[in-house]
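Colleague: Numbering (the working numbering), first residue to last: 474 to 669.
1) Where do the ends of the beta strand (DSSP E) carrying residue 543 lie?
2) Identify whether residue 636 lies in helix, strand or coil by the three-state DSSP scheme.
3) Find out if the Cβ-Cβ distance for the pair residue 587, residue 532 is shorter than 8 Å.
4) Can you grab the Cα-Cα spacing for the pair residue 662 / residue 649, in whole Å?
5) Suppose you measure from the CA of residue 633 to the CA of residue 549; what does that come to, to the nearest Å?
6) Spatial neighbours of residue 640 within its chain, please: CB distance less than 6 Å, with the 5 preceding and 5 following residues excluded, ordered by chain position.
7) When we look at the beta-carbon of residue 659 and count the other beta-carbons within 10 Å, is it buried (16 or more) or exposed?
8) For residue 565, count neighbouring Cβ atoms within 10 angstroms of its own Cβ and tell me buried if that reaches 16, exposed if not.
9) From the DSSP output, which residues share a beta bridge with residue 591?
10) Relative to the C-alpha of residue 559, which candidate in 547, 576, 539 and 571 has its C-alpha closest?
11) Assign residue 582 to one of two classes, buried (16 or more other C-beta atoms within 10 Å of its C-beta) or exposed (fewer than that).
12) Whose C-beta lies closer than 6 Å to the C-beta of residue 568 among residues of the same chain, with five residues either side of it excluded?
13) So, at 8 Å on beta carbons, what are the nonlocal neighbours of residue 597 in its own chain, with the 5 sequence-adjacent residues on each side left out?
14) Exposed or buried, which one is residue 552 when buried takes at least 16 other CB atoms within 10 Å?
15) What is the rounded straight-line gap between the Cα of residue 525 and the Cα of residue 594?
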């Protein structure tokens, strides 16, 4: 019996393909599992908390406050988020198999959000200071293709009748806009487009 080995690109492509198939064709996932035996990753995912402390010491001399860093399997079109009020940084689980440099760059990006909300001039100055200046395409050249493919999986586009915000969903919904609800306006989302 011959042993088949996979390189990193093949492993990443397999998990991406499996993930997209799950989003688009959830009823066929049982059959897909029978066809493909997923390759085993040789290493455990990086410890985000340890990486946070290392980057904090390296770039900010430990001055940033301690934040809880965690993986999120629900984040599929957003790579990372910094919740300043809760002191949490969440990174998409899709980054578990990405190169270490990309994960470090993403975590640094979210750590800058601890100091500066938004992507204004001070945020960009801090990016330049730590050597991460440039656009997303340069920092993460192939992740835009993945995000575009995942966004295509959103079949329904809705618009709030009051504030006009657009949301995308994979399933049909009958919900209210949370932002308007907090203001006392009970406006439902209405279907704009049904993608097929």
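Ideal Cβ positions, reconstructed from N, Cα and C, are used throughout, including at glycine.
Modeller: Inspection of the coordinates gives the following:
1) Bounds of the beta strand (DSSP E) holding residue 543 are 541–545.
2) The three-state reading of DSSP puts residue 636 in coil, since its state is none of H, G, I, E or B.
3) No, they are not a contact pair.
4) Looking at the two C-alpha atoms, the distance is approximately 6 Å.
5) Rounded to the nearest angstrom, the two C-alpha atoms are 23 Å apart.
6) Excluding the 5 residues flanking it on each side, residue 640 has same chain C-beta neighbours closer than 6 Å at 631, in chain order.
7) Result: exposed.
8) Within a 10 Å sphere around the beta-carbon of residue 565 sit 16 or more other beta-carbons, which makes this residue buried.
9) The bridge partners DSSP lists for residue 591 come to none.
10) Comparing C-alpha distances from residue 559 to each of 547, 576, 539 and 571 shows the shortest one belongs to 539.
11) Residue 582 counts as buried, since no fewer than 16 other beta carbons sit within 10 angstroms of its beta carbon.
12) Excluding residues within five positions, the ones whose Cβ falls inside 6 Å are 576.
13) If we look at residue 597 and ignore the five residues flanking it on each side, its Cβ neighbours are 606.
14) By the 10 Å Cβ count, residue 552 comes out buried.
15) Approximately 24 Å, taken between the alpha carbons.
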